Amino acid sequence: MQAKNPNMNKNTRNVLVLVVVLLLAAVFMVNGNQKEKTDNVSISKVSEQVTAGEVEKIQVEGDKVTVTLKDDKAPKQIAYKETSANLKDYGIDSAKVTIEPKPVDQSGTQWLDIALTVIPLVLIVGLFFFMTRQAQGGNNQAMSFGKSRARLFGADKKSVMFKDIAGSEEAKQELTEVVEFLKFPKKFEALGAKIPKGVLMIGSPGTGKTMMARAVAGEADVPFFSISGSEFVEMFVGVGASRVRDLFSKAKKNAPCIIFIDEIDAVGRRRGSGTGGGHDEREQTLNQILVEMDGFEQGTNVIVMAATNRPDVLDPALRRPGRFDRQVTMGLPERRDRLAILEVHLKAKPTAKDLKLESLAKKTAGMSGADLANVANEAAILAARADRKQIINKDLDDAFEKVAIGPERKSSVMTDYEKKLTAYHEGGHALVGHVLEHADPIHKVTIVSRGNTGGVTWSLPTEDRSYQSLAEFHDRLAQALGGRLAEEIVYGPEHVTTGASSDIRTATSIARDMVVKYGFSESLPNQFLAGDDNSILLDRDFASTKSYSEETAKTIDHEVGKILKTATERSRAVLVKNRKYLDALAEALLKEETLDETRVNEVLKGATMPKTT
């Protein structure tokens, strides 16, 4: 953004003030002599008044005749005559009235003429000055169009350190060497080691890539230039490359320093995609980044850090050694890291002494650092809404559920029939998930609407997992179909509803992934058939190319159907075998609306696996 010139603003104000003063002066000069109240009459009436002896005196000023009557309360009268005529020509006898000739006052006319001459001139000069200033501003803006918009974070900003970031110990250890390179470059140069040109931060959204980059700058105590990948590209060709050159020029002047490019995939996508050709602005910007990172100039002590959650679309030239020498993966936090993150975000908030953060960290598997920060913030909001001075366990639990599955919609009105159907639907999910060995334990069941759902059956894993077995997939499918099958068993096949549409979509997606991605198929074992996921032009599912024949496609469809049929039979067998527990769970839901893990286990105590599954 271009800085405003205070001198220009002051000059503009002066010109405007001068114009206003001149206009007011002209108005006062023109109207200055019209303050006294007068009446306009004809010259013939003045003659009649003189004959009748009503006039005390008459002043003659050119063609203007001012009449003063003998009546003190009567206002003066103004009449006009021919300039060359005298009062005798109108029958006014000078013997009957005192006539005082008065020289014509030309000062008002002169000032008016001057005002009418000067004011337009001042307005023209002011307009010219304004247009000149605008032209200069536009020229300055045009000259700065190719300048970098990177924001510099230095001593004026509060530094972020590694100790301020909970978890991610492996990433910190990897980046500690980068800090050493920046603080003691000669130590490594003495041994012939080259300072790494770039560090690519890879991770899911919310895992703290940007914060980690700022921590590297804070630890090394060097300037930190931050810019988004999308800020390079404009509609004009060449602007992006110009901004890249300007950014690296500024960085070299402040070396040693760090350049951080967030969402680098905005300009770093694979070239040769067929969009725009060689003159494509994005490709020119990428080419300039490649040249600046590994050109002829060496030893600049400028490290480029970049973040992306889509490393698969980056151009190979960016990821080769000499450009981004190091790639640091920022994964989702594990349980101990989640606990540390929660402690950091709750540190500055008033909390009760009996908070069960261990329990919350266990339940939040799969959440990123940003999600956990949101949970802590929502807990503070809920505590304030309840007029509490401290955050308690209930606030944390409610905040976690709100973030994970959406807020409760208690205003949503269901009929008694819909409420009972929802109770059986959610009860079907819960019963199948409770009985099957490899399904995740039931955390909570509710028929209170949350988000876009009429009810929720919530299962949580007991521990963090990196892999899933075939048995776990089969149990997940059976549990997903348990809601639709419970409706069918209780109300009949002709009365099933659309409430299971999301469950069916999820089950079908899992079954297809089992066949085409994981090789969990009897007819197509140990084969990857998901197609080419390297497309960067369109949506991947639409643009991916098939690497198999139509016959294989039919086999895939057959296998998906067979897996879903098996899951349906297993789920139905569990529900039929334990019908009385399904009724009991539905009855408890209708009465209490929400059941936690302990209550679910109490109601379903005694439910068993059928022998056929």
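Using my numbering, read the sequence shown as starting at 1 and increasing by one per residue.
Note that CB positions come from ideal geometry on N, CA and C, so glycine has one too.
Being a predicted model, the structure only gives us computed values, none of them experimental.
Quick one: measure Cβ to Cβ for residue i and residue j, integer angstroms, because I've assumed they're closer than 8 Å.
{"i": "P205", "j": "N309", "result": "5 Å"}
{"i": "V435", "j": "A607", "result": "5 Å"}
{"i": "I227", "j": "L200", "result": "Not confirmed; about 16 Å, so no contact."}
{"i": "D265", "j": "V313", "result": "6 Å"}
{"i": "S459", "j": "G482", "result": "At roughly 11 Å, the Cβ-Cβ gap does not stay under 8 Å, so S459 and G482 are not in contact."}
{"i": "K102", "j": "V60", "result": "6 Å"}
{"i": "K76", "j": "V65", "result": "About 11 Å; that fails the 8 Å criterion."}
{"i": "K57", "j": "T98", "result": "4 Å"}
{"i": "A166", "j": "D294", "result": "About 35 Å separates the two Cβ atoms, so there is no contact after all."}
{"i": "G366", "j": "L575", "result": "About 28 Å; that fails the 8 Å criterion."}
Buried or exposed: residue i, going by 16 or more other Cβ atoms within 10 Å of its Cβ?
{"i": "V178", "result": "buried"}
{"i": "S230", "result": "exposed"}
{"i": "S571", "result": "buried"}
{"i": "V445", "result": "buried"}
{"i": "D371", "result": "buried"}
{"i": "K209", "result": "buried"}
{"i": "K197", "result": "buried"}
{"i": "E100", "result": "exposed"}
{"i": "T457", "result": "buried"}
{"i": "S249", "result": "exposed"}
{"i": "F528", "result": "exposed"}
{"i": "P333", "result": "buried"}
{"i": "S168", "result": "buried"}
{"i": "D623", "result": "Nothing can be reported for residue 623: it is not among the residues displayed for the chain, which extend from 1 to 613."}
{"i": "E82", "result": "exposed"}
Taking residue i as the reference, give the member of the options with the closest Cα.
{"i": "S368", "options": "S469, V403, A379, G268", "result": "V403"}
{"i": "R311", "options": "D262, H345, T351", "result": "In the sequence as presented, Arg is not what sits at residue 311; that position holds Pro. When only C-alpha atoms are compared, the closest one is D262."}
{"i": "K363", "options": "D440, L382, A384, A386", "result": "D440"}
{"i": "F181", "options": "P120, M211, L200, E219", "result": "E219"}
{"i": "E283", "options": "R271, D294, R338", "result": "R271"}
{"i": "I556", "options": "S571, T568, E522", "result": "E522"}
{"i": "L194", "options": "R323, I259, P75", "result": "In the sequence under discussion, the amino acid at residue 194 is Lys, which differs from the Leu named in the question. Residue R323 is the option with its Cα nearest to K194."}
{"i": "A376", "options": "I391, D387, A365, G366", "result": "I391"}
{"i": "E487", "options": "A423, V304, L460", "result": "A423"}
{"i": "S42", "options": "I92, G53, E56, D72", "result": "I92"}
{"i": "E170", "options": "G192, A79, T329, T285", "result": "T329"}
{"i": "L339", "options": "R320, K347, L360", "result": "L360"}
{"i": "P610", "options": "E437, L396, N452", "result": "E437"}
{"i": "A306", "options": "A553, G203, T462", "result": "G203"}
{"i": "E408", "options": "I341, V125, T453", "result": "T453"}
{"i": "S509", "options": "P525, Y491, A530, G492", "result": "A530"}
Once DSSP output is grouped into helix, strand and coil, what is the label at residue i?
{"i": "E569", "result": "helix"}
{"i": "V67", "result": "strand"}
{"i": "D398", "result": "helix"}
{"i": "G203", "result": "strand"}
{"i": "M293", "result": "helix"}
{"i": "L595", "result": "strand"}
{"i": "P101", "result": "strand"}
{"i": "L604", "result": "coil"}
{"i": "Y518", "result": "coil"}
{"i": "R450", "result": "strand"}
{"i": "F260", "result": "strand"}
{"i": "G406", "result": "coil"}
{"i": "H474", "result": "helix"}
{"i": "T497", "result": "coil"}
{"i": "Y80", "result": "strand"}
{"i": "Q479", "result": "helix"}
{"i": "Q527", "result": "coil"}
{"i": "A307", "result": "strand"}
{"i": "K546", "result": "coil"}
{"i": "D89", "result": "helix"}
{"i": "G62", "result": "coil"}
{"i": "N40", "result": "strand"}
{"i": "F128", "result": "helix"}
{"i": "I227", "result": "strand"}
{"i": "L355", "result": "coil"}
{"i": "R505", "result": "helix"}
{"i": "S535", "result": "In this predicted model, S535 has a pLDDT of only 43, less than 50, meaning its place in the structure is not dependable; the value taken from the coordinates is given anyway. In the structure shown, S535 sits in coil (DSSP, three-state: anything other than H, G, I, E or B)."}
{"i": "K389", "result": "coil"}
How about residue i: is its C-beta nearer than 8 Å to some C-beta of chain D?
{"i": "N309", "result": "As a matter of chain content, chain D is missing from the structure shown, which is built from one protein chain."}
Is there contact here, the region 478–497 with the region 590–599, by at least three beta-carbon pairs under 8 Å? no
Is the number of C-beta pairs between the region 384–400 and the region 466–480 that are closer than 8 Å three or more? no
How about the region 579–588 and the region 553–569: do they share at least three Cβ pairs that are nearer than 8 Å? no
Touching by the beta-carbon criterion (3+ pairs, under 8 Å), the region 416–423 and the region 459–470: no
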